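Remember, the numbering used here sits 773 above the position in the sequence shown when you count from 1.
Don't be surprised by glycine CBs; every beta carbon is placed ideally from N, CA and C.
Because the structure is a prediction, the values reported are computed rather than measured.
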Amino acid sequence: MLTWEATGVGSHPGQDHLEAARVVFGEVPGLPYLPELPGRGVGADMIGRTAGLLIDLPVEVQPSGWRLTGRPGRDHQRAVDHLRRDLDGLEEVGHAYEGPLKVQVCGPWTLAGALELRHGDKVLSDHGAVRDLAESLAQGVADHVAEVRRRLPGVTEVVLQLDEPGLPGVLAGSVPTASGFGRLPAVEEWRVEEALRAFPSPIVHCCAPSVPYDVLRRAGVRGVSVDAALVRRRDEDAVGEVVEAGLLLFLGVVPGTDTRLPDVGVVAKPALELWRRLGFAAERLAEQVVLTPSCGLAGASPAYARAALAACRKAARVLSEDPEAGTAG
């Protein structure tokens, strides 16, 4: 039986990293995570936060966005400082915690589609630059995971989540050039798979339409994290193959921004109905499905962020205690 039940995607509202950590450990104790607070500005955003982990590839902010540069400067240091402060807070709040912990970073393909080269286009435009970026990121992530383990010795496992909202566009050839007047060519699936294999058993989160389930499955990822509302009937064969292969399915079942949350049965319904349509045994549902908000919570109010995580946890108990509720018929 999977004990994770529920977790969050990563981002939280506001600027209080200690309070965000307390909410996470309190509301999703089965799989807490290191929260991200992009509202703090430069270096706390998804791209800058992850770019600060890169080894020997410093970055800076230009009017067009983040760019590789020759040496670390103020922007790079700001990203490093934000993450260090977050780790300090994680250590303070979770010092006695024992169990698995999730960390999130921007995946190599979304990062390559956002970062610019020092004197040219997006990193994504150069296969060699993408390879260097993925290798640098893989080493930076390994160092980050080691730091988390050092600070929280009770952590039994660090679960890595790669955020890849840009991956469908990378595969479709719809990522804009740095000028914005053109589109970069589609990347071959084998290249995408090769880069993802540099990361040990990640959960890949993609809250965009057209999630490339087959590519992710072939890349050997541990699980796929998606917005349940974006899973179309035409996706279900590919989703079924993911489940059949034993991968975990992280399903976003509550909105990431403020709304009136329904009761737990309604929250659990998308997972129950999807499972029924896929035709898998009801007892496997709680073993392979983890409930989450549909995406990050940065755009929510603090009160809603807490309530959304609590709703996911309570709905997850429906999956484990009464999986037949929506799978019969």
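- Your pair G927 and E871 checks out as a contact, with CB atoms roughly 4 angstroms apart and the cut at 8 angstroms.
- Comparing alpha-carbon positions, the option among E1056, L1021, G1029, V1027 lying closest to L933 turns out to be L1021.
- Here P985 is near P941, since their CB atoms are less than 8 angstroms apart.
- Residues R964 of the same chain have their beta carbon placed closer than 8 angstroms to that of H900, with the five preceding and five following residues left out of the count.
- Taking all protein chains shown into account, S998 has 16 or more neighbouring C-beta atoms within 10 Å of its C-beta and is therefore buried.
- DSSP links V999 through a beta bridge to L1024.
- The beta carbon of T842 is closer than 7 angstroms to those of P831, V832, E833, R891 in its chain, skipping five residues each way along the sequence.
- If you draw a straight line from the Cα of P1075 to the Cα of V1091, it is about 25 angstroms long.
- L791 sits close to G862, with the two beta carbons spaced by under 8 angstroms.
- For H785, there is no enclosing alpha helix (DSSP H), since its DSSP letter is neither H nor E.
- The three-state secondary structure of I828, taken from DSSP, is coil.
- V878 places its beta carbon 8 angstroms or farther from that of P1066.
- When DSSP states are grouped into helix, strand and coil, D1095 belongs to the coil group.
- Relative to the Cα of A1089, the nearest Cα in the group A1059, L935, E920, S983 belongs to A1059.
- For K1042, the enclosing alpha helix (DSSP H) has its first and last residue at 1037-1051.
- D859 is classed as buried because its beta carbon has at least 16 other beta carbons within 10 Å across all chains shown.
- V977 and G993 have their C-alpha atoms spaced approximately 11 angstroms apart.
- Between W882 and E937, the gap from beta carbon to beta carbon is short of 8 angstroms.
- In the assembly as shown, G1052 is an exposed residue. Its beta-carbon has fewer than 16 other beta-carbons within 10 Å.
- One Cα belongs to V921, the other to P1043, and the distance between them is close to 34 angstroms.
- When DSSP states are grouped into helix, strand and coil, R857 belongs to the helix group.
- Secondary structure remark: continuous alpha helix (DSSP H) runs of at least 4 residues inside the segment 894-973, in chain order: 900-924, 940-945, 962-969.
- The C-beta of G825 has 16 or more other C-beta atoms within 10 Å across all chains shown, which makes the residue buried.
- In this structure G1019 is exposed. Its beta-carbon is surrounded by fewer than 16 other beta-carbon atoms within 10 angstroms.
- For L1034, the closest alpha carbon among the candidates A902, E1046, E1017, A1078 is that of A1078.
- For W882, the three-state secondary structure derived from DSSP is helix.
- The DSSP-derived three-state label of P873 is strand.
- Residues E800 of the same chain have their beta carbon placed closer than 6 angstroms to that of A1083, with the five preceding and five following residues left out of the count.
- Shown here, G799 sits in a helix according to DSSP, grouped into three states.
- By the Cβ-count criterion, F1023 is buried, with 16 or more other Cβ atoms from all chains shown falling within 10 Å of its own Cβ.
- Of the candidates A869, D854, F954, L944, the residue whose Cα lies closest to the Cα of D894 is F954.
- Our two residues, L897 and E1056, have alpha carbons roughly 42 angstroms apart in a direct line.
- For L807, DSSP records no beta bridge to any residue.
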